[in-house]
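Residue numbers for the sequence shown follow UniProt numbering, so the first one is 1 and each next one is one higher. Don't be surprised by glycine CBs; every beta carbon is placed ideally from N, CA and C. Values in this document were obtained by computation on a predicted structure and should not be read as measured data. Note sheet for the following structure.
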Amino acid sequence: TSVKRGPQGDAPNGGAPLQWGAAEGLQNYGQDDVAMEVTWRFLTNVQHTYDREKKLVEKYDVSSTGTGGGGGEYPLQDGFGWTNGVTLKMLDLICPQEKPCDSVPSTRPASLSATPTKTPSAATQ
Numbered sequence: 001t002s003v004k005r006g007p008q009g010d011a012p013n014g015g016a017p018l019q020w021g022a023a024e025g026l027q028n029y030g031q032d033d034v035a036m037e038v039t040w041r042f043l044t045n046v047q048h049t050y051d052r053e054k055k056l057v058e059k060y061d062v063s064s065t066g067t068g069g070g071g072g073e074y075p076l077q078d079g080f081g082w083t084n085g086v087t088l089k090m091l092d093l094i095c096p097q098e099k100p101c102d103s104v105p106s107t108r109p110a111s112l113s114a115t116p117t118k119t120p121s122a123a124t125q
């Protein structure tokens, strides 16, 4: 929420599932450039936090770059599964099929529609 009361979902926290849902929803409505902006900002935040702390975390402070989130019922969790999965999937979506990447590219792709779509493997079909 945009309210800052302390629960883990309140501002300025942004978890991976919310970022994924926002990017997917925007793309489904033809807002590819905005979807890329959400994706790019999330990945940049994850990358900068990883570069500094050498770990992925549960949620991120979306009002800055390179900062894990805070607040909630328990301390910020390291290596959170949904962050790991969403980060890998978002990297897969923005990196060219012929040159996969394991970190955020140095330049932002134009939009998700301009990025070649990956062909699903037989295991995921």
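Indicate the three-state DSSP secondary structure (helix, strand or coil) for residue i in the structure shown.
i: K59; result: strand
i: D10; result: coil
i: D92; result: helix
i: G68; result: strand
In the DSSP assignment, find the unbroken beta strand (DSSP E) run with residue i in it and report its ends.
i: G25; result: No beta strand (DSSP E) holds G25; the alpha helix (DSSP H) holding it covers 16-28.
Excluding the 5 residues preceding and the 5 following residue i in the sequence, name in chain order all residues of the same chain whose CB lies nearer than 7 Å to its CB.
i: K55; result: D78, G79
i: T65; result: T44, N45, H48
Between the Cα of residue i and the Cα atoms of the options, which residue gives the shortest distance?
i: Q47; options: M36, G68, A110, E24; result: G68
i: T87; options: P105, P75, D32, A110; result: P105
i: G71; options: M90, T65, K59, P17; result: K59
i: P75; options: A35, V57, S63; result: V57
For the alpha helix (DSSP H) holding residue i, just list the boundary residues, first then last.
i: E53; result: 32-53
Can you list, in chain order, the residues of its chain whose CB lies under 6 Å from that of residue i, leaving out five sequence neighbours each side?
i: D61; result: P12, T67, G69
Given residue i, which residues of its chain have a CB within under 8 Å of its CB, disregarding the five upstream and five downstream residues?
i: L43; result: T87, M90, L91, I94, V104
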